[in-house]
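Below is one structure; the comments refer to it alone.
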């Protein structure tokens with residue numbers, strides 16, 4: 568799904584960036600140029616970052 572229409576950024580790209588270590592909004596913004604124009608995608612981007620971090624934590628908790 569497209570999250571940032573201005574830059575054509577998808578939720579998959581955001582999730583992949585989080586998996587690669589960009590775990591803050593500012594890191595994602597710098598990496599993908601999300602929210603660089605209108606900014607309407609900021610909330611959804613942060614939501615996806617939070618979801619991905621939580622999913623990673625759950626995975627590592629279950630693995631240990």
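In this note's numbering, the protein residues as written are 568 to 631.
Every residue, glycine too, gets a C-beta built ideally from N, C-alpha and C.
This structure is a prediction, so every number in the text was calculated from the model and none was measured.
For the pair residue 615 and residue 592, the Cα-to-Cα distance works out to about 10 Å.
Taking each of 572, 603, 613 in turn and checking the Cα distance to residue 584, the smallest one comes out for 613. Scanning its chain for C-beta atoms nearer than 8 Å, with the 5 sequence neighbours on each side dropped, one finds around residue 595 the residues 581, 584, 585, 589, 601, 612, 616, in chain order. DSSP places residue 577 in the strand class (E or B) of the three-state scheme. Beta-bridge partners assigned by DSSP to residue 571: 576.
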